[in-house]
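Novice: My questions all concern the structure below.
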Amino acid sequence: MIIGGGRYGVLGPLQVRLGASVALGGLKQQRVLAALLLSAGQVVPVGRLVDAIWEVDPPRTAAKQVRNAVSDLRRALAQDGARLELASGGYRLDVGDDLDATVFVQRIAHARTLAADDRAADAVAVFRAALQLWRGDVLAGLECPTLGPEIARLRELRLAAVEDCVDLQLDQGEHRSLIGELSALTREYPLRERLTGQLMRALHRSGATGEATLAYHAFHQRLTEELGIDPSPDLRRLHHELLADGEPAPRCDLPRDTSSFTGRGQELDRLAESATRAGSTMVVSAIDGMAGVGKTALAVHAAHRLVQRFPDAQLFLDLHAHTPGQTPLAPTAALEGLLRALGVEQDRIPHDLDARASLWRATLSRRRVLVVLDNVASSRQIAPLLPSSPGCLTIVTSRHRLIDLDSVVLVLDVLPFEDARDLFVKVVGDDRPLAEPRATAEVLDLCGHLPLAIRIAGSRLRHRASWSVDYLATRLRDQRHRIDELNTDDHSVATAFNLSYEQLPQEGKVLFRMLGHGPGVDVDAHAAAALVDGSPIDAERTLEGLVDAHLLQQHKPGRYQFHDLLRSYAASLSLEVDSTDERRGAVERSLNYYLSTAAVAMDLVSPTEKVHRPPVPERSTRVFATYADALSWLDGERRNLLAAAEHSAENGWYSHSSRLSGTLWRYFHISGYHHDALALHSNGATAARAAADPRALADTLASRGYSNWWLGRYPQARQDLDEAVRLAKQAGDLSVAGRALHALGLVHTRLGDGPRARAALAETRDIGVATNDRILEGYALRGLGDVYSRLGEQDDAVTAYEQAVAIARETGNGTIEGYSARALGEIHARRGEHDKGLAYCMRALELARSSGNRNVQTRALRTVGDIHRDAGRLDLALGSYADARRIAEETGHLYEVACAHDGAARTRFLQGDATTAAAHWRQALDLFAELAVPEAHGVREQLAALGRA
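Numbering (the numbering used here), first residue to last: 297 to 1245.
What follows is the structure in structure tokens.
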């Protein structure tokens, strides 16, 4: 160490400045000098000097080496006149006032005297002069346990001097200039409570009460974690005082509430409930929904209603997730805006995100604040913005599902009719909507009950006094231009949708556009995959992304559908982006999927008729494990299959429409959806005529003939079936001809024309035998059994039915067996064999329920009712008739509805209730007469007899 100068220093690295530079020895000499200076003017024992040099295990020559070190120091210091003397048992170094530590102690004593005399400014100057003597930590680099107590004493003297000086400066209003120094000191001495209190006061007086609170909480946490204690009562009291003194004036940043706000009563109640809960905890309410559904309007309206519950502030911040021309607001920028809104000055806002978030939460401490975070992109964007203190409510709006957010979730749907109508009336501002209720309802439907669309439509009407509501509806009916109509200078449905669309990944954009061309009313992952020629797994992932963006709705697990306006937007967007070939390719793949998968399902539902179904363009990848699985898929896709047939017929895919008819006719037959079947086969027939395909036309007409028969449209059924027989025979297709003849025989049977019925069904049987079509033969025999039964030839009927049952069991066709078993049950019951007849009917019901065949079920229940009635079990009979009538009404089978009424009437008559019996008979007569069937005559006679009685 080189010594030069004229001063001794221990307030930092050891320092000796003499008149001339002199080499001072190594560590031994330095440690000895440090020990002597720390006890300047006092005797330092030799043992203490030994300990200062060798902390443990000193050598035997330690005392001698100390003497040598002292001798070296005496020579080096002699030129300064310093007295290094041998005293009893040790050495003493006397440097007078040339030691910085001595000067420091003198100055702080003087500063305190000045402070006591109310000379604060002079005291501060002396304190600062004293503190300037410090060049670093005491004897930096020479620390050792022996010197530790003296070093600690000097450190404490310095800290106490700093704290005394800071108190004086705070009293003089120098709080801003002290924040940096105090922040550094609290980092250096994190458990020094007095420094923390001084920093809190400086921050508070600088307008940064939130930071002051943050400093308190940070200190409290350190004490708890490191020492297991709480801050002193004085510091806790200071914290409360600062909070009480630091409340800013109430602030309201909420946008103006809309005067036409309508409905949303349940949602407003839930937000009010959240506000109540916010008294004891921090609550977040997230409102999500599709573009234009009114999320912001609800949030602002609710916030205005809740102002009194959050008196300290009501803040509103648009995070611009879907603002044209703007990128979403970063959390750091958002926090800056929120902090400024609460009065935190710019120079007090830290740059670091975590620090800003901590300051924001500290600023909200003990305040009741309502925060509306509008137009949010993601949970990550707002996580740093969420308060943590009880008493605060945050309302969040987003077009995305904020799955990661711990919140009360309100998924906003379109308006119910009454609210939609009220909103439309308010926006229009006159009585036109009320004067044209039907047109108003249509406009609301065309707007999809979407608030944004309703407001735009109403605004257009309000500014066009010559328009009627019906004229507006006319302009909106064209689906291709509807989106363009819903546009004003300030608002546009297309713009709102486009902002959501543009944020999708590429695969989401492609699927969204193609879904606009899909023929169905909804899709599952397999149907969506067909549209984009992808895998169901990838399609499901993309579909879920569209749901999260509220561009698609999942109305039931695994099934997705558009809002009507979004479908229109997707289709119009695709016209701009995708080529004609791309759009047609998507639709054709979709039609192929429905047709081929329907064929796979029907192979399980009706395997015995597989050879008679039309070919499909490709084999579906769908696999159904059981009959129930296949039937469940058909039930779930029924509306889509009908839509695919209609779309095919109307847009040139004629073979798809006719083949869907030929593939699905048995499903619609057994399920009892006869009105749907009529639409399916009518589209198929239209397509077959357009394609000039006589064989396909014969097949679709035969199927439509069955539907007309079930629906009691007998003239139409005969017309379809006669043409089907003719075309099929011309085309040489005996299978189709036999199926049409079978249906024709059923029509003649129902109308009471026994000879024609017998002829048609006998020919059907002959075709079945000739073509080795056992199924067709079995149906023909069952039909012939009906003819024989009506003609009173009961033995022949039984024989025919039993032969049909044998064929049914041989081929595994439960439908034929079910029909035949029911008929046998009826015959045995007529013979008085009620138990045997009931057993046959129970077998028919078992087969019907297992296969989902509602036609067999209806007939069997009606026959069970007859058996119970004839056996005197009248209450059981009425129950069976009621069940039969219910299913018949659901399937549109008017003949069976009439038969159930007739059975109920006969039963009520036996119970002595002539009034109810007459009511049932009148309903039966109306239906039988409408159907023009022979049963009408018998019911008329019953009513006449009842009248005479």
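C-beta: ideal position from N, C-alpha, C; glycine also.
Between R1182 and L708, what straight-line distance do the alpha-carbon atoms span, to the nearest angstrom?
Specialist: About 37 Å.
Novice: With contact counted as at least three CB pairs below 8 Å, one residue from each stretch, are the segment 761–780 and the segment 729–749 in contact?
Specialist: Judged by Cβ distances under 8 Å, the segment 761–780 makes contact with the segment 729–749, as three or more pairs qualify.
Novice: Whose CA, out of G493, R518, Q562, lies closest to the CA of H535?
Specialist: Nearest C-alpha to H535: G493.
Novice: Which residues does DSSP pair with Q311 in a beta bridge?
Specialist: According to DSSP, which records beta bridges pairwise, Q311 is partnered with G305.
Novice: Would you kindly report the start and end of the unbroken beta strand (DSSP E) that includes T982?
Specialist: T982 -> not in any beta strand (DSSP E); alpha helix (DSSP H) instead, spanning 970–986.
Novice: Note down, in chain order, each residue of its chain lying with its Cβ closer than 6 Å to the Cβ of L1017, except the 5 sequence neighbours on either side.
Specialist: The residues are G1001, A1036, A1039, L1040.
Novice: Decide if V710 is buried, meaning its Cβ has at least 16 other Cβ atoms within 10 Å, or exposed.
Specialist: Buried, because 16 or more other Cβ atoms sit within 10 Å of the Cβ of V710.
Novice: Let me know the secondary structure DSSP gives C461 once reduced to three states.
Specialist: C461 falls in the helix class under three-state DSSP.
Novice: So, for L1087: in the same chain, excluding its five sequence neighbours on each side, which residues have a beta-carbon less than 6 Å away from its beta-carbon?
Specialist: G1050, listed in sequence order.
Novice: Please say whether A1102 and E1113 have beta carbons closer to each other than 7 Å?
Specialist: No, Cβ-Cβ distance for E1113 and A1102 is not below 7 Å.
Novice: Could you name the residues of the same chain whose beta carbon sits closer than 7 Å to that of G1234, not counting the 5 residues immediately before and after it, in chain order?
Specialist: Here the set comprises nothing.
Novice: For E798, count neighbouring C-beta atoms within 10 Å of its own C-beta (all shown protein chains included) and say buried if the count is 16 or more, exposed if not.
Specialist: It counts as exposed.
Novice: Taking the Cβ atom as the reference point for each residue, do Q604 and L550 lie within a distance shorter than 7 Å?
Specialist: Not in contact: Q604 and L550 (Cβ atoms no closer than 7 Å).
Novice: Less than 7 Å between C-beta atoms, sequence neighbours within five positions excluded: which residues of the same chain meet that for G437?
Specialist: Cβ neighbours of G437 beyond the five flanking positions: P309.
Novice: Output yes or no for whether 7 Å exceeds the beta carbon distance between V1160 and C1195.
Specialist: Cβ atoms of V1160 and C1195: not closer than 7 Å.
Novice: Per DSSP, N783 is paired with what?
Specialist: Answer by DSSP bridge pairing, in chain order: S788.
Novice: Roughly how many angstroms separate the alpha carbons of R303 and D353, rounded to a whole number?
Specialist: Using only the alpha carbons, I get a separation of about 34 Å.
Novice: Which residues in the same chain have their Cβ closer than 8 Å to the Cβ of T959, if we skip the five residues on either side of it in sequence?
Specialist: Answer for T959: L891, A894, A895, M898, R909, P910, V912, listed in chain order.
Novice: Taking buried to mean at least 16 other C-beta atoms within 10 Å of its own C-beta, is L1227 buried or exposed?
Specialist: The residue is buried, with at least 16 neighbouring Cβ atoms inside 10 Å.
Novice: Can you say whether L638 is buried or exposed, counting buried as having 16 or more other CB atoms within 10 angstroms of its CB?
Specialist: It is buried - the Cβ of L638 has at least 16 other Cβ atoms within 10 Å.
Novice: So the beta strand (DSSP E) G812 belongs to, where does it begin and stop?
Specialist: Element bounds for G812: n/a, residue is neither H nor E.
Novice: So if DSSP puts T690 in a beta bridge, which residue, or which two residues, is it bridged to?
Specialist: According to DSSP, which records beta bridges pairwise, T690 is partnered with V580, V667.
Novice: Which partner residues of A609 appear in the DSSP bridge assignment?
Specialist: According to DSSP, A609 bridges with R547, V665.
Novice: Please go through the same chain and pick out, in chain order, the residues whose beta-carbon is closer than 6 Å to the beta-carbon of G324, but skip the five residues on each side of it.
Specialist: In the sequence as presented, Gly is not what sits at residue 324; that position holds Lys. Result list for K324: I349, A365, in chain order.
Novice: In whole angstroms, give me the CA-to-CA distance for V692 and H516.
Specialist: Their backbone Cα atoms lie some 32 Å apart in a straight line.
Novice: Please list, in chain order, all residues of the same chain as Q1012 whose beta carbon is under 7 Å from its beta carbon, the five residues on each side excluded.
Specialist: Excluding positions up to five away in sequence, the list reads N1004.
Novice: Kindly indicate the opening and closing residues of the alpha helix (DSSP H) around V724.
Specialist: Residues 713–724.
Novice: Quick check: G503 and E632, are their CB atoms within less than 7 Å of each other?
Specialist: Cβ distance not < 7 Å, so G503 and E632 don't count as in contact.
Novice: Quick check on the burial criterion: 16 or more other C-beta atoms within 10 angstroms. Buried or exposed for V667?
Specialist: Buried is the call here.
Novice: Among the candidates L380, P355, Q311, whose CA atom is the shortest distance from the CA of S1255?
Specialist: In the structure as shown, the chain begins at 297 and stops at 1245. Residue 1255 is therefore absent and cannot be evaluated.
Novice: For the beta strand (DSSP E) holding V705, just list the boundary residues, first then last.
Specialist: Run containing V705: 704–707, per the beta strand (DSSP E) assignment.
Novice: With burial defined as no fewer than 16 other Cβ atoms inside 10 Å of the residue's Cβ, what is the status of C548: buried or exposed?
Specialist: The residue in question, C548, is exposed, as its Cβ has fewer than 16 Cβ neighbours within 10 Å.
Novice: Among all the DSSP beta bridges, which residues are the ones paired with V339?
Specialist: In DSSP, V339 forms a bridge with R388.
Novice: Return the CA-CA distance between S556 and V723, expressed in angstroms with no decimal places.
Specialist: If you take the alpha carbons of S556 and V723, they lie about 7 Å apart.
Novice: Taking the alpha-carbon positions, what's the G1168 to G1133 distance?
Specialist: The alpha-carbon atoms of G1168 and G1133 are separated by roughly 15 Å.
Novice: Between which residues of its own chain and Y1115 is the CB-CB distance below 7 Å, once the five residues before and five after are set aside?
Specialist: Hits under 7 Å: R1078, V1152.
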